[in-house]
Every structure is written in structure tokens, then in C-alpha cells.
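In full-length UniProt numbering, the protein residues as written are 1 to 881. Each residue gets a CB set at the ideal place from its N, CA and C atoms; glycine is no exception. Quick notes on the structure that follows.
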């Protein structure tokens, strides 16, 4: 095959991805091999690829490709999440643009539109992952609304209900007025915002007196049902048993006493609004207060808001403040820093609201999950510091609100049979389908004449997380049929790669579900990636306009270049400061490898010439270096240091293979290379390709297939990972010394303008007792005719040192002795001045007593280096004079 001068990423990527797909390399079926399984964190079905997805899925692909090379039966299950809130919002917006109101549609009509939307946009992100090179088992692609996945969710709900762990309760919940649904506590993000504290005067009924209440939400006065004072607050003892008048509403409300009130905060008087504050609800229950809900589901005021009915809560806030001021009820306002709860999904300010919802008891469920991570370490988090976050969430867990006021999602399998409809709390049954529900309802009511027409299913859907917490089990049918072959073979899975922001939402809940339903962990290791940020440390987002399109990056730098660029700085749990230059560096690495391959394939190979000694020792060194790096790579993978593993391979290939090894063994100009060395170079290069393949799949497969004609059974994607063997450590240390000698020779050639074509002699006193193994390499790379070992120094030579070994290069006619003496004297003068300044510091008692030990070590090293340099210069001068 002809090797193109340039690596054409675009055509290569399509060619090999199609080839891998055609040969079904990504697909897995249970067999005799040990499985290695990853389930993808399912992205939102309506989503498109962003930088976080690219990082997360590149890491997963690295792990799965490496497992495949190591002989595991590798299975990476892809899929998408139906994302109730996000998807329903998109569908509602689309309908609105078409002049259709969701409320005018039946559930079935709305779901038809939702499925059309999903079918149109749902596969986009998975197709984009293919461009990145992700080797998922596409035949196993799952969607959380697939019939079997939904059946698993419903079965789980019914099971937990029958165990007494799911209940229906009238509670204060977090209401998202934009999505018009309740949220769990964990989906509320608290933000500090600058607001106002309004001091409002309430008249005391039957008098001209008033009391003042401080509030951040004057619009909620329409829901006030009491004023509360502390019984120990003498300032208000005269108000006991009296009533106050709510401004604007002109309602009479009781003044109650409770030591809950903080006498130090605000005015010491608290307005109690039980329908709109969790703590007020507790007070209201304790004192049997009326509950007045003043908001519609979109947080506009209802009829209790009088002339403000239909207006938004934040608009009303300012208007009420003006009305209170005009009628003399507003005493003053102050700026106030307040923590405001916002929706994790819509960013809308949350409204506390009383409603009937479904809850899952968590206190007992959570115990095995705490033990697995924090006690037995059956499941390990990487990095380990996230154990503390995990502990905080799980040890402070509250019952999980699992119902959502949405239509897109699994409909709650509760069926009401009361003539009063769903308002009757106990008149329902829970079953997997309406037929089973009917039989249960007949038994519960004793009415055998009931029909399905008498049953009405709960209109709410289940929280999306209640679906996805079953993900590692449900994708293998483990909920519906736990004895099936796939589930028994692939579960528990091995690794989970995800972001720390969903450590509780998803990771912890999957662990909880795993122990509840399978009696074991869902995975062994959790690799938590960092956030991708720009170089100003801002989180990448569309709204800020600081997030590049991943597909544009792939177009510019190639998928391999982008993967390398991302992973070089992606240490577990640490945020990535992304810069396009990282991808440019990845592309440069791609070109470096490609050019190295073209160089090797351009050599003429001779079957008759003997292998030179410099080539023999070079091959031995690189084999040792490869083995040492392989051990380092394995250790990094074991500790989930993916970035460090890549860096080790990067240095091996760029520095050791390209910069040193190929220079060491390459034949002279227009000369052939011996067959033995060439075959070894190809063998070493193939080992490099195997190590690189998980990170750079396209480039490596392209070169692998160029090296030799390969059958589908010999493709790189299913080759064998290099085998760990013992190696001679001294070869590596001796070579490291030799490279310093070569650098010393090259420096002298450069400084003294000695052309490389000019042969030179090298003489040395071997104080370090260094092996002579690499002398032939030194001679080749330094163009040295001979290396002689001496017992004493010689005159008339240029010198340099490597550790305590002193090297001499006899002066040749090409060196101007007078100019050289002048240069050396200048260099000697500079170094003597530098030494004097360092020694002055070290003789300063105050500096020595106060400086940190590391600083002193550095100064002492400077002194030693300067002394050695001066000695070398003086030796060179002595030889020249």
C-alpha cells in the first residue's frame, strides 16, 4: 500500500469506523472469557455532544479498548435517558410555537408529539459519539422509555410499595413553576442572591397600635394566617391573645407564641404563611392554623391575591411594596443577602408548595450503600476525596420525592377507584397494569362489579432518576428476569465514568438499587471526571459562548488529536482548563507518529548485512524501556490515572522511540538497514501502537494495517496487549548516562562550530565506572571515531563533565585557539562572580538560620555546580595554553 505523505484524519476515521462496525468488533455475547462491562451514563435523549460528554466518553472508550486488547469480553452498553423535565419543556415549547397549548391536548396526544420529537432528535448524540471513535455495543443501545425499561421501573415501584417503602403523603415540596412539577431536595441548588428585607407594619386589631414584621417576600402576606412572637420576649408581652390585621388583605389573624421565633432576627415578630414555607407549615400544624395557598402552578397569584391575581410573584413583589408604602404600611427596606433555592434543571426559583406526592423511604435502603463505599470499600471512588461528599449525602438523606407532575415518563402505577377521584388518599391500589389493579380493587372494596372503567390511573410520572437508578441492571434485563444469561454474565459491571455533580443523583442511587434488587454492587470502581472549564476557569456553557463545538474540534484536529488533547490534562476529579492548543498538541503527536512510520517504511532492508553492535544494544535498551513504561502504565491504569498513563506513553513514543531509538538505529544516508534490526523496529513499533490504540484508535489502526496485510482476525482493535516481561534496569540507567554524554558532545560541536561531518575523538576518565555498552551508540550519534579510557587528564582538549566523569575532545585545526581562550576566560569570570554571590549567601548566618531547608539545598547545589563548572573551564584553559 502507498503511504500518503500526510495523515488524512477525516477519511481514515470513516474508513476504520465502518470497518470495525462491519466486522462487529464492538458487539459482545456471553462466552468463556472474563467480562469487562461499562454502562454509559445515558445522556439526555434530546441532547447534543458537548465538551463534558467528549471527555467522559473518551475515558470510557480508552478503558473498553484496553480491556478488549487485554483479552476481556468487553461490553460497553450505550443509551439515552428520557429526561422528563428537559424533554417535556422542549416539546411544550415546540407546540407553543405551532400555536398548540399542552393543556388542550390529552395525555395520549401529547405523548405522540413527545415520541415524534424523540424519534427525530433522539439519536443525534449517539451518532456524534461514533465520530469520536466510541466503540459501544450499538446492538445493545437502550432508552429509558423502551418497553422493557419502563416495565422494569413499574415493577420496581410496585415491589417497593408492597414492601411498605413507597407511600403517598401530603407534604411541603419543592415546586418548579417553570416546569410545573415537584423536585426532590437534591435537585434544588441554593444560590446567594442580593435582595431586600421589607419591614411591614401590621395593625393590632381594635387599637391604633401596630407591630412590625421583617420579610423577604411581601407578596406572601395574602397567605399569612398568624403572627408569631417568642413567649419570652418582653417587648411583645402586651400582644398575647390579640389579633393583627394583614395589610391590603385586611384579614384578621391571631398573634401566637412559640419559642421557635428568634428574638434577635429582624423585629422579633414572624409572619406565618403555612402554605409557602417549610418551617411555617410546622408551626401551623402545631397551632392548628389555616393554610392558604396563594399561588397558581406557574407562581402567578390566584384569587387570594385580590387585585394582583394572575400576576407573576416577582412583579407583584415590587407592586405590593409600592402599595404598602403608599398606605403607610411599609416602615423601611434594607438590602439583604439571601439563599435562594433554584431548580437544577430550569434554573427557576423554587416555590415551597403543599401537595400530595409519592415518596420512597430511604433510611433503611441507604445502609448497604454506605457500607459498600465507606466501610468495606467494595466500591471505590476515584479520587478518594469524594468519599466525604458521598458520606455527607447518604448520612443526611431524606425520603425521596419520586413523583413528577409531567406526562413524559413512566406513569405512576397507582389506580384510584373512589368516586371522589384521586383526591381520596387511601382509595387506590398499586399494580403493574390495570388488569391486576382491577383484581386488587375488587378485593380491597369487596365490590366484584368493578370494571376497568371505574379505575383512574394517577396522572403523574415518576422522577427520571427513579428510572435511571436501575440502569446497570435494567439494560441486561436484571429487574424483569434476574436469572437471564446476560444479567448473570455481565452484572455487576466493572467501571463507571461520570461527573461528581451526579454522585448522589445517580451514582449513590444505583448503588442503593443494586443492593436492594441484586443483593450486590452494580460496579466496582467509579471514576469521577472534572468539569471542563475555559482558561479563565469558567465552566463551559452555551450561554457564556465559551464552549467550542466538539465536532468542529474533530474537524480541525482529528478525533485522535482531540482525544489526546483532552486526556493529557484530565486527571480524575480535577477540572480541566481547556485550550485548543491541547488539541493542536494532540494533532502534532499524531503527525509525529505518522512521520516516524513513513521514515521506517522508507528504509531499504538488506538480508545480507550483519546487525551492527550499536543497533543490537539500542534494541535491547528500547525493549527494556518499553517494559519499564508498560509497568508504569499498568500502575496508572490500576489507580485510574488515565492522564498519567497517556503521558507515560506520550514520552515513550515521542522522546524514547522517535527522538532517540530511531536515530540510534537508522542506517546511514542511502544505506540499507539490516533485516534483524528492521524486524525488531517493526516489533517495537507494533507494541507502541497497541499501547496507543485506546487513546488514538484511528491513527493506530491505519498504521497497523499499513505495516502488513491483515485479516479481520488480525485487526489492531482485537490484538493482544503487550506482555509484561522482566528487563535489565541497568540498560536504562546506562543509556540515560550515555544521552548526557551525547548531549555534551553535541553542545561542544555547536558552541565551537565543529561540523558534524568532522570526525572527533573522545577520551574520558571513567570515575563513575559506567558500562561501555553504549560506546558504539555514542560514537554513532556524536560522530566520534573512537572512545578512549584514560587514567589521567590530558592537555590540549576541550572538556565537559557528566556527573564525576570528565570527557576530553582533542583540539582540531577547525578551532581558533585564541578565540577559544578568550571565550573561556569570559565564561570563567562569569562563573567566579556567580560563585562569589552564592557563597556570600551561604556565609550569611542570618540567611542560613532563617531560610527553608529546600532553599538551602538549592543554594548548595548552585555552589557545587559552579565549582564543577569552574574546574572544567580551568582544565580546558590549561590544555589550550
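Would DSSP call residue 245 helix, strand or coil?
-> For the purposes of this step, residue 245 is taken as residue 245 along the chain shown, with counting starting at 1. Three-state result, residue 245: strand.
How many angstroms separate the CA atom of residue 17 from the CA atom of residue 694?
-> Taking the first residue of the chain shown as position 1, residue 17 is located at position 17. Taking the first residue of the chain shown as position 1, residue 694 is located at position 694. Computed Cα separation, rounded: 14 Å.
Going along the chain, which unbroken runs of the beta strand (DSSP E) with 3 or more residues stay wholly within the region 490-552?
-> 495-498, 525-528
Nearest-angstrom Cα distance between residue 163 and residue 430?
-> Sequence index remark: in the chain shown, residue 163 carries index 163 (1-based). Sequence index remark: in the chain shown, residue 430 carries index 430 (1-based). Going from the Cα of residue 163 to the Cα of residue 430 covers about 12 Å.
Report yes if the C-beta distance between residue 257 and residue 229 is below 8 Å; otherwise report no.
-> One-based indexing of the chain shown puts residue 257 at position 257. One-based indexing of the chain shown puts residue 229 at position 229. Yes, Cβ-Cβ distance for residue 257 and residue 229 is below 8 Å.
Does the beta-carbon of residue 326 have 16 or more other beta-carbons within 10 angstroms, so that it is buried, or is it exposed?
-> Here residue 326 is taken as the residue at index 326 of the chain shown, counted from 1. By the neighbour-count rule (16 or more Cβ atoms within 10 Å), residue 326 is not buried but exposed.
Mind checking whether residue 690 and residue 654 have CB atoms under 8 Å apart?
-> For the purposes of this step, residue 690 is taken as residue 690 along the chain shown, with counting starting at 1. For the purposes of this step, residue 654 is taken as residue 654 along the chain shown, with counting starting at 1. Taking 8 Å as the Cβ cut-off, residue 690 and residue 654 do not qualify as a contacting pair.
CB residue 883 to CB residue 3, shorter than 8 Å?
-> Past the boundaries of the shown model lies residue 883; the chain is included only from 1 to 881, so the question cannot be answered.
The ligand NAP heavy atom lying under 7 Å from the CB of residue 495 | This structure simply doesn't include the ligand NAP, nor any ligand for that matter.
Would you mind stating whether residue 359 and residue 292 have Cβ atoms separated by less than 8 Å?
-> Walking along the chain shown from the start, residue 359 turns up at place 359. Walking along the chain shown from the start, residue 292 turns up at place 292. For residue 359 and residue 292, no; Cβs fall outside 8 Å.
Please work out which residues of its chain come closer than 6 Å, Cβ to Cβ, to residue 613, disregarding the five sequence neighbours upstream and downstream, and give them in chain order.
-> Numbered from 1 along the chain shown, position 613 holds the residue referred to as residue 613. Around residue 613: 776.
Ignoring anything shorter than 3 residues or poking outside the region 753-789, list the beta strand (DSSP E) runs there in chain order.
-> Listed in chain order, they are 760-765, 784-789.
Under 8 Å Cβ to Cβ from residue 847, same chain only, skipping five residues before and after it: list those, please.
-> The sequence position of residue 847 within the chain shown is 847, counting from 1. So the list reads 841, once near-sequence residues are dropped.
Which residues in the same chain have their Cβ closer than 7 Å to the Cβ of residue 885, if we skip the five residues on either side of it in sequence?
-> Past the boundaries of the shown model lies residue 885; the chain is included only from 1 to 881, so the question cannot be answered.
So what's residue 128 in DSSP terms, helix, strand or just coil?
-> Your numbering for residue 128 matches position 128 in the chain shown. Three-state DSSP puts residue 128 in a helix.
Quick one: any contact between the region 431-442 and the region 450-468, if contact means 3 or more CB pairs under 8 Å?
-> yes
With 16 other CB atoms within 10 Å as the buried threshold, where does residue 830 fall?
-> Taking the first residue of the chain shown as position 1, residue 830 is located at position 830. Answer is exposed; the Cβ neighbour count stays below 16.
If residue 578 sits next to residue 533, beta carbons under 8 Å apart, how far is it from one beta carbon to the other, in whole angstroms?
-> One-based indexing of the chain shown puts residue 578 at position 578. One-based indexing of the chain shown puts residue 533 at position 533. Yes, residue 578 and residue 533 are in contact; Cβ-Cβ is about 7 Å, under 8 Å.
Taking the alpha helix (DSSP H) that residue 194 falls in, what are its first and last residues?
-> Against the chain shown, residue 194 aligns to sequence position 194. Element bounds for residue 194: not the alpha helix (DSSP H) but the beta strand (DSSP E), 188-204.
Cβ neighbours of residue 423 in the same chain (closer than 7 Å, five flanking residues each side left out) = The sequence position of residue 423 within the chain shown is 423, counting from 1. The pLDDT assigned to residue 423 is 44, lower than 50, so where the model puts this residue is not dependable; a value taken from the coordinates is nonetheless given after this. No residues qualify anywhere along the chain.
Does the beta-carbon of residue 180 have 16 or more other beta-carbons within 10 angstroms, so that it is buried, or is it exposed?
-> Here residue 180 corresponds to residue number 180 of the chain shown, with the count starting at 1. With at least 16 other beta carbons inside 10 angstroms of its own, residue 180 counts as buried.
Residue 77 and residue 140: beta carbons closer than 8 Å?
-> Residue 77 sits at position 77 when you count from the first residue of the chain shown. Residue 140 sits at position 140 when you count from the first residue of the chain shown. Yes.
Provide the residue(s) that pair with residue 674 in DSSP beta bridges, ordered along the chain.
-> Residue 674 sits at position 674 when you count from the first residue of the chain shown. DSSP, once it has assigned bridges, lists 606 as partnering residue 674.
Relative to the C-alpha of residue 361, which residue among 223, 166, 686, 409 is closest?
-> The residue given as residue 361 occupies position 361 in the chain shown. The closest CA to that of residue 361, considering only 223, 166, 686, 409, is found on 166.
Report the three-state DSSP secondary structure of residue 172 (helix, strand or coil).
-> One-based indexing of the chain shown puts residue 172 at position 172. DSSP places residue 172 in strand when its eight states are reduced to three.
Which runs of the alpha helix (DSSP H) fall wholly inside the region 795-831 and span at least 4 residues, in chain order?
-> none
For the candidate residues 441, 116, 479, 513, whose alpha-carbon lies nearest to that of residue 418?
-> Translated into the one-based positions of the chain shown, residue 418 becomes position 418. If we check each option's Cα against that of residue 418, 441 comes out closest.
Selection from 432, 823, 505 that minimises the alpha carbon distance to residue 153 = Locating residue 153 in the chain shown gives position 153, counting from the first residue. Selected option, being the one with the closest Cα: 432.
Below 6 Å CB to CB, which residues in the same chain sit around residue 60 once its five sequence neighbours on both sides are set aside?
-> Along the chain shown, read from residue 1 onward, the residue named residue 60 stands at position 60. Result list for residue 60: 38, 497, in chain order.
Could you say if the region 721-736 and the region 754-774 meet the contact criterion of at least three C-beta pairs nearer than 8 Å?
-> yes
Any idea what DSSP makes of residue 721, helix, strand or coil?
-> Looking up residue 721 in the chain shown gives position 721. Coil, per DSSP.
Closest Cβ-Cβ distance between residue 277 and chain C: below 8 Å?
-> No chain C is part of this structure, which consists of one protein chain only.
Drop a sphere of 10 angstroms on the beta-carbon of residue 284, count the other beta-carbons inside from all chains shown, and report buried for 16 or more, exposed for fewer.
-> The residue labelled residue 284 in the question sits at position 284 within the chain shown. Buried: at least 16 other Cβ atoms inside 10 Å.
How would you call residue 624, buried or exposed, if buried means at least 16 neighbouring beta carbons within 10 angstroms?
-> Within the chain shown, residue 624 is the residue found at index 624, counting from 1. Label assigned to residue 624: buried.
Assigned secondary structure, residue 271 (DSSP; H/G/I helix, E/B strand, else coil) = The residue labelled residue 271 in the question sits at position 271 within the chain shown. Strand at residue 271.
Leaving out five residues on either side along the sequence, give the residues of the same chain with a beta carbon under 8 Å from the beta carbon of residue 342.
-> Taking the chain shown and counting its residues from 1, the one referred to as residue 342 is at position 342. Correct list, in chain order: 188, 189, 190, 191, 348, 349, 350.
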